[in-house]
Amino acid sequence: MTRKKAKNNLPLPILMIICAVLIFAIYINLSTIVLAFWGETSLGTVDSYHSRLDSSFTDVNRSRTISKSYSFLANGKKYRGYVIYSSDEQWPSLKEGETRLESITYLSFFPRINKPSALADFYEMGDYAIIYHFLTPIASGFLLFLVIRTYRKEKKKADKKKIRAAVKDATAAPEDYVSAKGGPQMKKFAALSEAARYAVSITGRWRFADSSDEYDRDRLLVESEFSDEENPADEGSYYVVADNGAIGFSEDGAEVDWLFLPLA
Numbered sequence: 012m013t014r015k016k017a018k019n020n021l022p023l024p025i026l027m028i029i030c031a032v033l034i035f036a037i038y039i040n041l042s043t044i045v046l047a048f049w050g051e052t053s054l055g056t057v058d059s060y061h062s063r064l065d066s067s068f069t070d071v072n073r074s075r076t077i078s079k080s081y082s083f084l085a086n087g088k089k090y091r092g093y094v095i096y097s098s099d100e101q102w103p104s105l106k107e108g109e110t111r112l113e114s115i116t117y118l119s120f121f122p123r124i125n126k127p128s129a130l131a132d133f134y135e136m137g138d139y140a141i142i143y144h145f146l147t148p149i150a151s152g153f154l155l156f157l158v159i160r161t162y163r164k165e166k167k168k169a170d171k172k173k174i175r176a177a178v179k180d181a182t183a184a185p186e187d188y189v190s191a192k193g194g195p196q197m198k199k200f201a202a203l204s205e206a207a208r209y210a211v212s213i214t215g216r217w218r219f220a221d222s223s224d225e226y227d228r229d230r231l232l233v234e235s236e237f238s239d240e241e242n243p244a245d246e247g248s249y250y251v252v253a254d255n256g257a258i259g260f261s262e263d264g265a266e267v268d269w270l271f272l273p274l275a
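For the record, in the sequence shown the residue sitting at position 256 is 267 according to our numbering, with numbers rising by one throughout.
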């Protein structure tokens with residue numbers, strides 16, 4: 012029965028998750044590029060290896076999910092690493108206590124950024140992977156910019172709305188009344204059923220604004236109770252009743268949308 016505008020505000024926790032995913036994607040791909048150009052190599056020890064078959068009918072280097080943990084020495088200190096990636100390699104899993112040697116690429120001034128050399132070698136990656144690693148940081152950075160800018164715009168709108176509401180509250184008439192633009196004050200209510208109970212004391216018949224449906228007192232009271240159960244008003248929104256018994260709805264204090272118009 013009531014018409015409400017959808018809210019597009021992005022919750023802060025969702026924003027943080029989206030930003031974290033995009034930043035992680037930027038880090039993974041940029042670190043691969045940096046290691047490919049400026050990385051040092053060291054012989055490391057793989058102490059955990061798992062290969063899971065995902066599909067036999069897929070693109071090259073996409074049939075299996077590989078996970079491995081390893082350690083290596085750099086600048087006289089031992090470092091550990093862990094990676095998960097897609098590949099076609101089918102090495103046997105390591106038994107408890109078993110290890111395997113593998114070349115590890117790392118940054119000499121910050122060895123905590125490291126990867127197995129096969130994942131940071133442009134010659135082994137192939138053309139598609141090289142293009143992917145260069146384009147992904149750019150695309151992720153652009154998406155991050157759009158998400159943050161959109162959130163800031165929505166926040167500015169919300170702040171302005173709060174300021175307008177505060178000013179309106181400071182200069183308002185009694186709490187139970189609201190003024191229409193250029194018109195008289197109208198009594199406001201938190202629920203449609205409350206507005207209906209007040210309106211039936213003014214007039215006896217109404218027409219729904221978007222159709223020719225007519226309502227008498229009994230039908231209006233019954234359906235308004237049902238509407239409150241199905242579509243409760245949001246915080247800051249309210250219903251109004253004009254002097255002639257017309258019933259309207261205001262979303263967050265915005266312009267009134269008339270729902271029920273009195274019949275002569």
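Note that the Cβ used here is the ideal one computed from N, Cα and C, for glycine as well.
On a predicted model such as this, the values are computed, not experimentally measured, just so you know.
Next item on the list: Please classify S261: does DSSP put it in a helix, a strand, or coil?
Entry: Strand at S261.
Notebook entry, point to check: Does the distance from the CB of W217 to the CB of E225 come in under 9 Å?
Noted result: yes
Notebook entry, point to check: In the structure shown, what three-state DSSP assignment does F200 receive?
Noted result: F200 falls in the strand class under three-state DSSP.
Item checked: Where L84 falls: helix, strand or coil (DSSP) -> strand
Note to self: Just to confirm the assignment: which complete beta strand (DSSP E) runs, minimum length 3, are found wholly within the segment 97-127?
What the structure shows: Look at the segment 97-127 and you find these whole runs of beta strand (DSSP E), each 3 residues long or longer: 111-118, 121-127.
Item checked: Pair within 9 Å by beta-carbon distance, K172 and V251 -> no
Item checked: For C30, three-class secondary structure by DSSP -> helix
Notebook entry, point to check: Where E266 and P22 are concerned, what is the direct C-alpha to C-alpha distance, given to the nearest angstrom?
Noted result: 25 Å
Notebook entry, point to check: Between I29 and the rest of its own chain, which residues show a CB-CB distance below 7 Å, the 5 nearest in sequence each way excluded?
Noted result: V158
Check: Using the rule of at least 16 other Cβ atoms within 10 Å of the residue's Cβ for burial, across every protein chain shown, is A207 buried or exposed?
Finding: buried
Notebook entry, point to check: Taking Cβ to Cβ, would you say T76 is nearer than 9 Å to Y117?
Noted result: no
Note to self: My assumption, with CB atoms under 8 Å, is that F145 sits in contact with I44. Please give the rounded CB distance.
What the structure shows: Contact between F145 and I44 holds: CB atoms are separated by about 7 Å, below the 8 Å threshold.
Item checked: Closest by C-alpha distance to K1, when choosing among H61, L105, E100, P122 -> The structure shown has nothing for residue 1, since the chain only spans 12 to 275.
Next item on the list: Might you give, ordered along the chain, the residues of its own chain that have their beta carbon closer than 6 Å to the beta carbon of L274, omitting 5 neighbours on each side?
Entry: R216, R218
Next item on the list: Entirely within the segment 202-233 and at least 4 residues each: give me those alpha helix (DSSP H) ranges in chain order.
Entry: 203-210
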